[in-house]
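One structure below.
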Amino acid sequence: MHVIKKPSWGIKENYVTDESLATNRRKFLNSLATITVGSAINGSLLGNAVWANQNLQNFNSAFKNNKLSIDAKITPEKLSSKYNNFFEFGSTKNIWKEAQNLSTEEWAVNISGLVEKPFKIDTDSLISKFSLEERIYRHRCVEAWSMVVPWTGFELSKLVAYAQPLSSAKYLEFKTFFSPKEATEQRARWYPWPYTEGLTIEEATNELAFLVVGAYGKTLHKQFGAPIRLHLPWKYGFKSIKSIVEINFTSVRPVSFWETLADNEYGFWANVNPEVPHPRWSQKIERVLGGNSRNTEIYNGYGPQVAGLYNKFQNLGNSLFR
Ligand SMILES: Nc1nc2c(c(=O)[nH]1)N[C@H]1C(S)=C(S)[C@@H](COP(=O)(O)O)O[C@H]1N2
Ligand SMILES: [Mo]
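If you count the sequence shown from 1, position 307 lands on 1146 in our numbering, and the numbers rise without skipping.
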């Protein structure tokens, strides 16, 4: 990423330092949270106080899907929740505080386009329609860092079935909110907001495609893309769009946010492949958050489940992996 502002892989983010700062800040905020809301606290501090006090719903009873989980060391939450890509709130990894400005109450998702009957549904009702499960997935960012997170959610295929797509629907297009008042970077006009992403309907109905509403056994932190985001473990992280407000069924291949900015770097398919370098860096090795390096695997290790999706596209060559 950072096509506009920063060269990517050269930046050394010291997230350990970030974390100790954050912990002190949290202690401070916890004491602050007892101050009455009416006093002269400025807006952003107030947002953080709410974060410190935030009541996260417990998802620990969700079914643990061991079959689709990997057996790897889970990235500590204090690292993964303080090292995020969420460009709506800024282009550094340290946007978790800014992300608290997003109001996720009264959130609804629009199911639009080529379906029997388009509808809008609030997240609580949506979640109540499907039983929740936990899956431990590996996440590989195109910037060559990775993490392992226990997500709670439901299979995207269940929502696709519920939406009753018409036979003319070949792709799903996802959209994030547009709210420049809350998300300061959305005031930057040169970005093609809102953030969008797309999948073929075959990819969307693969068992691995997961709609996420929680992580680490709790409701999603805002910086993780609350209240609902996608996770596609075999693709580069930018495909896993956050804070979704619309899922549009279409016959035309969607052009994503990143594809609009740099189609030779961030294409439609973006399947993980160590042998296909990003135009500006190698994809062979990844830095594991809180750990060492590891060799990147084709399809991020999920080849047995997904490679078959691409048989008919082999002749596209490298573009499947960028
Ligand atoms: N709406 C939105 N979704 C997004 C992004 C973003 O900037 N905006 N960043 C993507 C990228 S590049 C990655 S690596 C993951 C990061 O998810 P995480 O912060 O939960 O680790 O979210 C993806 N989804
Ligand atoms: Mo990413």
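No residue lacks a Cβ here, since even glycine has one placed at the ideal position from N, Cα and C.
If you're wondering where the values come from, they're calculated on a predicted model, not measured in any experiment.
Proximity test, residue i beta-carbon vs ligand 1 heavy atom, cut-off 8 Å
| i | result |
| --- | --- |
| K1151 | no |
| Y922 | yes |
| Q1062 | yes |
| H978 | yes |
| S1132 | no |
| R1026 | no |
| S1082 | yes |
| Y1055 | no |
| E927 | yes |
| T1015 | yes |
Neighbour-count burial assignment, residue i, 16 or more Cβ in a 10 Å radius
| i | result |
| --- | --- |
| F1088 | buried |
| F1152 | exposed |
| S1090 | exposed |
| R789 | Absent from the model: residue 789. The displayed extent of the chain is 840 to 1161, so no value can be given. |
| Q939 | buried |
| Y1141 | buried |
| F1063 | buried |
| A1065 | buried |
| S1132 | exposed |
| Q1122 | buried |
| I950 | buried |
| P1072 | buried |
| G886 | With a pLDDT of 45 at G886, under the threshold of 50, the modelled position of this residue cannot be trusted; read the value that follows with caution. So G886 counts as buried. |
| N1154 | exposed |
| I1124 | exposed |
| S919 | buried |
| Q1003 | exposed |
| E945 | exposed |
| S964 | exposed |
| R865 | The predicted position of R865 is uncertain, since its pLDDT is 36 and thus under 50; a value taken from the coordinates is nonetheless stated next. Flag for R865 reads exposed. |
| F902 | exposed |
| E955 | exposed |
Pair within 9 Å by beta-carbon distance, residue i and residue j
| i | j | result |
| --- | --- | --- |
| L1059 | G1053 | yes |
| V988 | K912 | no |
| F1049 | Y976 | yes |
| N904 | R974 | yes |
| P1093 | Y1149 | no |
| N1134 | K1074 | no |
| A947 | D961 | yes |
| K1061 | N897 | no |
| A1022 | F1016 | yes |
| L995 | T1044 | yes |
| E1114 | I1137 | yes |
| V1084 | P1019 | no |
| A1027 | K1078 | no |
| E1041 | F928 | no |
| N923 | W935 | yes |
Near ligand 2: residue i beta-carbon under 8 Å from a heavy atom
| i | result |
| --- | --- |
| V1091 | no |
| Y1138 | no |
| V981 | yes |
| F1077 | yes |
Option in the options with minimal Cα separation from residue i
| i | options | result |
| --- | --- | --- |
| V981 | A1146, Y1149 and P1118 | P1118 |
| G1129 | N904, S908, S951 and K917 | K917 |
| A1146 | T1135, R1133, F1160 and N1134 | F1160 |
| V1111 | N924, S964, R979 and S920 | R979 |
| T1099 | K1123, S1006, W1029 and Y922 | W1029 |
| F969 | N949, F926, G992 and I909 | G992 |
| S1006 | L953, Q1062, E1041 and T943 | L953 |
| S985 | G1142, T931 and V1127 | V1127 |
| S967 | L998, F1013 and K906 | L998 |
| E972 | W990, K959 and D963 | W990 |
| K1081 | L907, F926, K921 and S908 | F926 |
| I1102 | P1143, S1158, P1113 and S1079 | In the sequence as displayed, the identity of residue 1102 is Asp instead of Ile. When only C-alpha atoms are compared, the closest one is S1158. |
| G1076 | V1084, F1107, E1085 and I1086 | F1107 |
| N933 | K921, L1038 and I1083 | K921 |
| F958 | I1086, W1120 and P1116 | I1086 |
The beta strand (DSSP E) enclosing residue i, as first and last residue numbers
| i | result |
| --- | --- |
| W935 | Segment W935 to A938 is the alpha helix (DSSP H) holding W935; no beta strand (DSSP E) there. |
| L1038 | T1035 to T1039 |
| F993 | W984 to E994 |
| I966 | I966 -> not in any beta strand (DSSP E); alpha helix (DSSP H) instead, spanning T962 to K968. |
| E972 | E972 to R979 |
| L1050 | F1049 to A1054 |
First and last residue of the uninterrupted alpha helix (DSSP H) at residue i
| i | result |
| --- | --- |
| L918 | E916 to S919 |
| F1013 | Element bounds for F1013: not the alpha helix (DSSP H) but the beta strand (DSSP E), Y1010 to T1015. |
| G1142 | G1142 to V1145 |
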